[in-house]
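Input: a single structure, listed below in C-alpha cells.
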Amino acid sequence: MPLPTSSFSQQGPTCFDKMKTGFIIGFCVGMASGAVFGGFSALRYGLRGRELINNVGKTMVQGGGTFGTFMAIGTGIRC
Amino acid sequence: MEEYAREPCPYRIVDDCGGAFAMGCIGGGVFQAIKGFRNAPSGLNRRLVGSIIAIKTRSPVIAGNFAVWGGMFSTIDCTLVHFRKKEDPWNSIISGAATGGILAARNGVPAMAGSAIIGGVLLALIEGVGILFTRISADQFKNPIPPAEDPVALGDPGRNFSFESASNRTQYQ
Numbered sequence: 001m002p003l004p005t006s007s008f009s010q011q012g013p014t015c016f017d018k019m020k021t022g023f024i025i026g027f028c029v030g031m032a033s034g035a036v037f038g039g040f041s042a043l044r045y046g047l048r049g050r051e052l053i054n055n056v057g058k059t060m061v062q063g064g065g066t067f068g069t070f071m072a073i074g075t076g077i078r079c
Numbered sequence: 080m081e082e083y084a085r086e087p088c089p090y091r092i093v094d095d096c097g098g099a100f101a102m103g104c105i106g107g108g109v110f111q112a113i114k115g116f117r118n119a120p121s122g123l124n125r126r127l128v129g130s131i132i133a134i135k136t137r138s139p140v141i142a143g144n145f146a147v148w149g150g151m152f153s154t155i156d157c158t159l160v161h162f163r164k165k166e167d168p169w170n171s172i173i174s175g176a177a178t179g180g181i182l183a184a185r186n187g188v189p190a191m192a193g194s195a196i197i198g199g200v201l202l203a204l205i206e207g208v209g210i211l212f213t214r215i216s217a218d219q220f221k222n223p224i225p226p227a228e229d230p231v232a233l234g235d236p237g238r239n240f241s242f243e244s245a246s247n248r249t250q251y252q
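Line order of the protein sequences matches chains G and P. For the first sequence, the residue numbers in our numbering are 1 to 79. For the second sequence, the residue numbers in our numbering are 80 to 252.
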C-alpha cells in the first residue's frame, strides 16, 4: 500500500513526518478493526448499552495504539 | 519527492518478508519491553533485567510470526497478480483471507474459516483507510479557480466598443 504524502513541499517530508502519517493511518485502521471485532465479541457476550460502549471503545483504542505503533515502525524501516 | 514504491513481483516476496520480520522484531521489542518491565519484581535494576529477558525471549517469536505472515501474503499476492494480470485492492483482500486461512490449517476447518474472514476483513479495512487517506491528500492539492478565468470579470467587449463609437460620433458633430 503506497503511503500518501501529507505535505507538498520541494524538500519532501522528513522521516519523522512519514512515521507520524503512518501512525495516523495505522491508528485509524486499528480503531476500525477494534470496532468490528470488539463489537462482534461484545455482542456475543450479550453486552448492551453503556457496558457495550465502554468495552468496544476500550478495544478500539487498544487496537489503534497497537496497530499504529507497528505501522509507524514499518514506515520508519522503509523510510 | 521520493515515495516508497514496492518492488516488482518476484523480489517483493523477499522484501516484504524481511520488512515484516524487522517490523515484528522492533515492534515486539517495544511491547515486550513494557510487559517485561511491568511483570518483573520491584526494584529498578531487576525491572530492567526483566525487560531485557522478555525482549530476548519473545521478540524473535513475534518477528518470526510477522515474517511468515508477510512472506505468505506476498507470495499469494504475486500469484494473483500473475494470473489476474492486474493490481488492485482485491488482490490484497484475497491474499489476506487466503493467508489467514492457510496459516490456521493445523487447527481444523472451522478455525481456518474464521481466520480467513478475519484476514480478509483486516485487509479490507487497511485498503479502505489507505484509499480514504489518498483521497484526503488529493483534495488538499486542488487549487482554487483563478479569477482571471472568470467570464464575469472580463466584461462585455461589444458594449465597450459601442460606447467608444458613440463617443467618436459626438466628436464629429
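Cβ atoms here follow ideal geometry from the backbone N, Cα and C, with glycine treated the same way.
>> Below 8 Å on C-beta distance, what does G/I77 contact in chain P?
In response: Residue mapping note: residue 77 of chain G aligns to position 77 of the first sequence, counting from 1. Proximity of chain P to G/I77 at the Cβ level (cut-off 8 Å) is accounted for by G98, A101, M102 and I105, in chain order.
> For a contact meaning CB atoms closer than 9 Å, what does P/V160 contact in chain G?
Replying inline: In the second sequence, the residue the question calls residue 160 of chain P occupies position 81. Close partners of P/V160 in chain G (Cβ separation under 9 Å) are lacking, with about 15 Å as the shortest Cβ gap.
> Do three or more CB pairs link the stretch 20 to 39 of chain G to the stretch 61 to 76 of chain G at distances below 8 Å?
Replying inline: The stretch 20 to 39 of chain G, when compared against the stretch 61 to 76 of chain G, does touch it at the 8 Å Cβ threshold.
> Quick one: is P/L182 near chain G, going by C-beta distance under 8 Å?
Replying inline: In the second sequence, the residue the question calls residue 182 of chain P occupies position 103. Not an interface residue.
> Closer than 8 Å, CB to CB, is P/V200 near chain G or not?
Replying inline: In the second sequence, counting from the first residue as 1, residue 200 of chain P sits at position 121. Taking Cβ atoms only, chain G reaches closer than 8 Å to P/V200, which makes this a yes.
> What residues of chain P sit near G/S33, judged by a beta carbon separation below 7 Å?
Replying inline: Within the first sequence, residue 33 of chain G is the residue found at index 33, counting from 1. Residues of chain P passing the Cβ test: L201 and L204.
> What are the uninterrupted segments assigned as alpha helix (DSSP H) that are 4 or more residues long and contained completely in the stretch 86 to 147 of chain P, given in chain order?
Replying inline: The DSSP assignment places 88 to 118 as complete runs of the alpha helix (DSSP H) inside the stretch 86 to 147 of chain P, in order along the chain (cut-off: 4 residues).
> Whole-angstrom Cβ separation of P/S171 and P/E206, contact assumed at under 8 Å?
Replying inline: On the second sequence, residue 171 of chain P is found 92 positions in, with the first residue counted as 1. On the second sequence, residue 206 of chain P is found 127 positions in, with the first residue counted as 1. That pair is a contact at about 6 Å.
>> Using 8 Å as the threshold, is the C-beta distance between P/G129 and P/N118 below it?
In response: Here the question's residue 129 of chain P lines up with position 50 in the second sequence. Here the question's residue 118 of chain P lines up with position 39 in the second sequence. Closer than 8 Å, so yes.
> Skipping 5 residues on each side, what residues in its chain have a beta carbon closer than 6 Å to that of G/M19?
Replying inline: Indexing the first sequence from 1 puts residue 19 of chain G at position 19. Within the same chain, G/M19 has close Cβ partners A72, T75 and G76.
>> Just verifying my parser: in three-state terms, what is the DSSP assignment at P/D229?
In response: Position 150 of the second sequence, counting from 1, holds the residue named residue 229 of chain P. Only weak support is given to the placement of P/D229: the predicted model assigns it a pLDDT of 46, under 50, and the value that follows is read from those uncertain coordinates. The answer is coil: DSSP assigns P/D229 none of H, G, I, E or B.
> Which one of P/G115, P/G150, P/Q219 and P/C88 has the shortest CA to CA distance from P/A99?
Replying inline: Looking up residue 99 of chain P in the second sequence gives position 20. Of P/G115, P/G150, P/Q219 and P/C88, the residue nearest in Cα terms is P/G150.
> Quick one: does P/V109 have its CB under 8 Å from some CB of chain G?
Replying inline: Sequence index remark: in the second sequence, residue 109 of chain P carries index 30 (1-based). True, the Cβ-Cβ gap to chain G drops below 8 Å.
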